[in-house]
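Chains as they are written, first to last, in my numbering: chain A, 1 to 845; chain B, 1 to 239.
Structure, rendered in structure tokens:
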């Protein structure tokens with residue numbers, strides 16, 4: 001084994017640049033898998049974390065599965081359970097503080113979010129212990145008093161006696177700080193305590209609580225008491241903390257899948273590069289391998305030498321990839337950390353790769369590299385000793401090529417049938433069949449393509465172009481592998497460009513349709529709920545009274561449970577909503593759906609929810625509500641711009657109030673009377689909104705522009721990522737051209753001997769490279785358009801309403817990338833070929 | 001003692017009308033420590049004979065006995081082992097591994113046989129000194145002259161103390177001075193160190209170093225050297 005590793009490392013070190021380039025593909029793939037693998041679990045964990053974790057003596061907490069509010073009568077049920085010592089009811093919610101109320105005295109001291117806990121001052125102290133540092137705790141007689149943690153007091157320079165203003169459902173509410181307690185141990189938003197009645201007013205939940213905290217009586221069997229409590233409470237309650245942002249978990253899971261796919265694709269491309277590189281290796285070392293066999297190396301030993309090389313590269317690439325991946329995730333967290341901190345008030349910290357993540361990266365990185373080296377290794381072991389003395393003829397290729405092309409053609413026909421079938425799963429399979437079929441047919445197409453493009457090339461490379469055409473035609477297998485590498489790389493670029501164009505146009509379309517009102521009054525975070533404090537219905541009424549306003553509609557928010565998962569519920573007014581905004585309907589008649597919403601317990605679900613749970617119009621959905629389980633009839637499948645990515649349902653505001661106790665508006669849309677002075681209207685609205693610091697006034701044009709900018713920057717990032725995926729295609733081309741130079745050393749020597757200049761030799765290699773690039777780009781564009789069309793279709797199946805938009809930019813980019821790669825890939829081998837010593841080349845066998 | 005016994009050895013390439021007999025019922029034997037040169041015009045089958053004797057190819061008919069053992073009965077693994085332990089090859093183009101130094105190249109057959117590294121190094125160094133490369137032990141092939149590279153190849157061929165050394169045009173890539181040096185060394189391999197050497201060459205001056213010259217023409221052994229056109233009648237002594 002030693003000699004094999006010795007040879008492996010020496011050969012790798014002997015060609016440092018090539019080793020680096022091939023290992024780079026592996027590094028990139030592992031970097032993505034490991035980097036994102038270390039980051040996404042942290043995000044999921046933090047999102048799952050109970051941001052309201054208790055300190056002190058609390059033994060258990062009771063909340064509703066929807067996170068919604070419920071009657072204080074439930075508290076009596078808990079208290080009445082044998083084995084429960086003490087219990088208290090709280091109304092607790094995270095709210096985001098607008099900058100104006102964060103008492104900014106510098107970026108480091110800004111506070112973006114708080115947890116407001118409305119408590120019964122007497123019973124809470126029986127359940128929890130508070131370590132007072134200054135002032136006093138809340139008392140029964142208090143109305144607008146507040147107790148804050150020491151950490152908050154320090155950050156905002158607050159003291160006992162100061163006034164602290166919070167946003168409220170009626171605009172603002174001022175509280176007097178009466179006490180400061182020791183900071184709690186658990187990280188998260190700072191928790192402030194106000195009397196329960198004050199919290200009810202602040203959060204617009206009169207007479208409601210949403211958490212019960214309790215202590216067991218001394219000496220009881222805790223499991224038994226919990227079981228008894230579960231029996232006494234209905235299924236809608238759970239023993240444990242409220243989780244915020246659980247609907248985001250679905251989005252994170254999708255993101256995780258998507259990034260793992262990208263990482264796998266990159267690794268697969270890396271594997272392809274390794275495979276192509278070892279083909280180069282075989283060509284260069286055929287004589288060495290023949291000699292090794294001649295002096296007594298067994299087939300297994302030769303196999304071992306090549307596999308050892310791929311193993312060393314795999315280990316090296318994986319190790320560097322993991323280090324790069326960690327740095328990548330640190331970089332990403334540095335960029336998105338502040339955004340998450342501001343909008344979702346979570347602190348992510350450092351990436352924390354798990355053992356599973358490490359093992360996965362190692363297995364994939366090393367495994368794919370070694371597997372890619374396997375076929376070349378087997379070929380190498382079959383090198384006959386006589387090759388040390390003379391070359392082997394290539395006639396065998398012709399027979400297998402014809403067989404492969406026929407099989408590939410069959411696959412392409414099947415792929416076309418699959419796409420035409422209209423069945424999505426068949427269409428998805430057909431994309432794989434199409435790509436594999438193209439790779440197999442490619443060798444047979446090289447000659448006709450070389451002839452076709454050769455004519456074009458002949459305009460620039462009059463003499464060298466013909467030689468280049470002939471060279472490719474003589475080795476169609478090698479040319480096809482390279483063109484295939486380019487094809488796959490560029491197909492990915494075009495496919496993703498097609499999907500991104502469709503998503504961009506589709507989402508901007510939703511935006512125009514669902515948020516097309518003249519003015520939007522919205523919380524400064526785009527995420528509905530998750531800490532955004534709504535406004536009491538009075539704000540909408542006051543908006544309607546502004547001169548020049550034609551119509552106002554509002555959205556309200558609650559969380560329910562359906563089919564075992566969380567679903568975000570948007571409460572709409574079925575009369576005003578379609579007039580001012582509207583949903584993009586995928587199924588169901590809009591007019592009938594809105595009418596039903598107003599008359600009964602009806603629900604319109606969005607595509608994501610419908611796809612995940614196979615829900616159709618006419619189905620009955622049981623929603624778990626704070627008032628118990630309620631049946632809602634599905635009357636449509638539709639979505640709006642802001643909630644297209646989360647499982648969402650739309651019900652009437654009347655039902656939201658009745659079943660979920662929600663009457664706060666979290667988004668208001670207003671249309672002006674046609675012909676009125678827009679500027680005057682805007683001024684009036686801004687004056688009104690001043691009293692509601694949580695809300696911002698936006699006109700739809702400005703909002704659309706900001707969203708377009710976000711899309712465009714995401715598109716740019718995706719293109720950058722995709723170009724990196726296409727990079728392996730470049731490496732494959734360099735390798736192929738390098739082999740071509742080696743195998744035609746004597747031929748190039750003859751060309752030089754009979755009068756070809758160095759420049760002409762360079763141009764010949766360049767012409768070959770451009771022909772390969774044209775073939776690869778052509779195939780790639782075709783394959784990519786097809787793939788993109790199917791992927792857009794997939795998005796339709798998973799719940800979005802998307803039309804396929806032709807990616808003009810993507811196609812132009814692919815052509816440019818392909819031609820540039822063609823030139824770049826040729827530069828090194830062309831120089832090598834031109835500099836060959838003529839005499840040495842003529843002697844080469 | 002007979003090291004090599006070749007009986008009715010035939011090698012035909014191609015089939016039917018295009019079949020060519022590279023070797024045609026050749027019989028020969030080589031004794032221990034003998035230095036035999038094989039000569040003949042291009043395409044006469046001399047390299048084919050070497051390949052078959054060395055187990056690099058399989059005959060169409062006939063057999064080769066190496067130390068009394070019929071090598072045509074061996075499978076690929078046994079042939080490989082035989083080549084490793086019983087035969088040393090010296091090629092026209094040296095065929096050194098470019099990334100290994102002199103000692104490592106010379107040690108290759110022993111390393112492939114799984115010998116201990118210290119023993120391997122010692123033996124290789126010893127042979128390298130004998131062939132006059134004691135001061136080039138850590139050089140890479142591209143740091144050696146053509147003659148020196150061929151000497152490394154000879155040391156590699158000798159490192160397993162094989163029964164037979166097969167040299168295929170060992171001076172084909174060397175100038176006359178280096179050629180003489182190499183063939184002189186092969187002479188030493190036979191005379192002093194007692195190994196059997198079978199050398200293919202087209203150079204009669206170098207063939208003269210051998211104990212015996214075998215002439216091949218059209219795949220058959222002939223008594224007299226086949227003469228080029230226009231020089232009929234001259235015999236070997238005149239050369």
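Glycine is no exception: its CB is placed at the ideal position from the N, C-alpha and C atoms.
Please read these numbers as outputs of a predicted model, since none were measured by experiment.
* Asked: For chain B, is any of its Cβ atoms less than 8 Å away from the one on residue 288 of chain A?
  -> At a cut-off of 8 Å between beta carbons, residue 288 of chain A contacts chain B.
* Find the residues of chain A that neighbour residue 109 of chain B, judging by a C-beta separation of less than 7 Å, and give them in chain order. => Residues of chain A passing the Cβ test: 295 and 296.
* Asked: Does the beta-carbon of residue 175 of chain B have 16 or more other beta-carbons within 10 angstroms, so that it is buried, or is it exposed?
  -> In this structure residue 175 of chain B is exposed. Its beta-carbon is surrounded by fewer than 16 other beta-carbon atoms within 10 angstroms.
* To do: Tell whether a beta-carbon distance below 8 Å holds between residue 651 of chain A and residue 603 of chain A.
  => In this structure, residue 603 of chain A lies closer than 8 Å to residue 651 of chain A by Cβ.
* To do: Look up residue 375 of chain A in the DSSP assignment and say whether it is helix, strand or coil.
  => DSSP places residue 375 of chain A in helix when its eight states are reduced to three.
* **Residue interval of the alpha helix (DSSP H) (run including residue 613 of chain A)** => First-last of the alpha helix (DSSP H) with residue 613 of chain A: 607-613.
* May I have the straight-line CA-CA distance separating residue 409 of chain A from residue 376 of chain A, to the nearest angstrom? => The alpha-carbon separation between residue 409 of chain A and residue 376 of chain A amounts to approximately 26 Å.
* Report yes if the CB atom of residue 672 of chain A is closer than 8 Å to the CB atom of residue 549 of chain A, and no otherwise. => In this structure, residue 549 of chain A lies closer than 8 Å to residue 672 of chain A by Cβ.
* Give the interface partners of residue 10 of chain A over in chain B, defined as CB-CB distance under 7 Å, in chain order. => In chain order: 99 and 100.
* Out of B/95, B/211 and B/115, point me to the one whose CA is closest to residue 154 of chain B's CA. => Measuring from the Cα of residue 154 of chain B, the nearest candidate turns out to be B/95.
* Whole-Å CB distance - residue 202 of chain A paired with residue 116 of chain A, under 8 Å assumed -> Correct: roughly 7 Å between the Cβ atoms.
* Quick one: grab the DSSP three-state call for residue 142 of chain B. => Correct three-state label for residue 142 of chain B: helix.
* Is there at least one Cβ from chain B nearer than 8 Å to residue 247 of chain A's Cβ? -> At residue 247 of chain A, the pLDDT of 47 sits below 50, so the modelled position is not reliable; the number obtained from the coordinates is stated separately. Chain B contact via Cβ: absent.
* Count the C-beta pairs between the region 557-569 of chain A and the region 221-235 of chain A that are closer than 8 Å, then say yes if the count reaches three, no if not. => The region 557-569 of chain A is not in contact with the region 221-235 of chain A.
* Asked: Among the residues of its own chain, which have a CB less than 7 Å from the CB of residue 39 of chain A, if the five just before and after it don't count?
  -> Result list for residue 39 of chain A: 329, 332, 333 and 351, in chain order.
* To do: Please report how far the alpha carbon of residue 138 of chain B lies from the alpha carbon of residue 443 of chain A, in whole angstroms.
  => Approximately 46 Å, taken between the alpha carbons.
* Asked: Is residue 36 of chain B closer than 8 Å to residue 46 of chain B when the C-beta atoms are compared?
  -> Not a contact, by the Cβ cut-off of 8 Å.
* Please state whether DSSP places residue 841 of chain A in a helix, a strand or coil. => Helix, per DSSP.
* Taking only the alpha-carbon atoms, compute the straight-line gap between residue 105 of chain A and residue 156 of chain A and give it to the nearest angstrom. => For residue 105 of chain A, the predicted model reports a pLDDT of 41, less than 50, meaning its position is unreliable; a value from the coordinates is still stated below. Answer to the nearest angstrom: the Cα atoms are 8 Å apart.
* Where does residue 42 of chain B land, buried or exposed, given buried means 16+ other C-beta within 10 angstroms? -> It counts as exposed.
* Below 8 Å between beta carbons: does that hold for residue 807 of chain A and residue 765 of chain A? -> No, these two residues do not count as a Cβ contact at 8 Å.
* Give a yes or no on contact between the region 363-374 of chain A and the region 289-300 of chain A, applying the rule of three or more CB pairs nearer than 8 Å. => Contact between the region 363-374 of chain A and the region 289-300 of chain A is absent, because fewer than three Cβ pairs lie under 8 Å.
* To do: Would you kindly report the start and end of the unbroken alpha helix (DSSP H) that includes residue 590 of chain A?
  => Residues 590-599.
* To do: Decide if residue 83 of chain B is buried, meaning its Cβ has at least 16 other Cβ atoms within 10 Å, or exposed.
  => Burial is judged here by how many other beta carbons sit within 10 angstroms of a residue's own beta carbon; residue 83 of chain B has at least 16 and is buried.
* Since I believe residue 623 of chain A is in contact with residue 634 of chain A (beta carbons under 8 Å), could you give me their beta-carbon distance rounded to a whole number of angstroms? => The Cβ separation is near 11 Å, so there is no contact.
* Asked: Quick one, are the C-beta atoms of residue 145 of chain A and residue 178 of chain A less than 8 Å apart?
  -> Cβ distance < 8 Å, so residue 145 of chain A and residue 178 of chain A count as in contact.
* **Residue range of the alpha helix (DSSP H) that includes residue 105 of chain B** => Here the alpha helix (DSSP H) through residue 105 of chain B covers 102-112.
* To do: Using a Cβ cut-off of 8 Å (strictly closer), state whether residue 84 of chain B contacts chain A.
  => Closer than 8 Å to some Cβ of chain A, the Cβ of residue 84 of chain B qualifies, so yes.
* Do residue 276 of chain A and residue 30 of chain A have their C-beta atoms within less than 8 Å of each other? -> Taking 8 Å as the Cβ cut-off, residue 276 of chain A and residue 30 of chain A do not qualify as a contacting pair.
* To do: May I ask you to list, following chain order, the residues of the region 9-43 of chain B that have a beta carbon less than 7 Å from some beta carbon of chain A?
  => Listed by position, the residues of the region 9-43 of chain B near chain A (Cβ gap below 7 Å) amount to none.
* Integer Cβ distance of residue 190 of chain B from residue 34 of chain B, believed to fall under 8 Å -> Residue 190 of chain B to residue 34 of chain B, Cβ: 7 Å. Contact.
* With 16 as the cutoff for other CB atoms within 10 Å, does residue 20 of chain A come out buried or exposed? -> The residue in question, residue 20 of chain A, is exposed, as its Cβ has fewer than 16 Cβ neighbours within 10 Å.
* Cβ-based burial, residue 170 of chain B [other Cβ within 10 Å; buried from 16] -> Counting C-beta atoms within 10 angstroms of its own C-beta, residue 170 of chain B has 16 or more neighbours from the protein chains shown and is therefore classed as buried.
* Residues near residue 132 of chain A by beta carbon distance below 7 Å, same chain, minus five either side -> Counting only Cβ-Cβ distances below 7 Å, and skipping sequence neighbours, we find 179 and 181.
* To do: Sort out for me which residues DSSP pairs residue 179 of chain A with in a bridge.
  => Residue pairing by DSSP puts residue 179 of chain A in a beta bridge opposite A/135 and A/147.
* Can you grab the Cα-Cα spacing for the pair residue 805 of chain A / residue 206 of chain A, in whole Å? => The alpha-carbon of residue 805 of chain A is positioned some 50 Å away from that of residue 206 of chain A.
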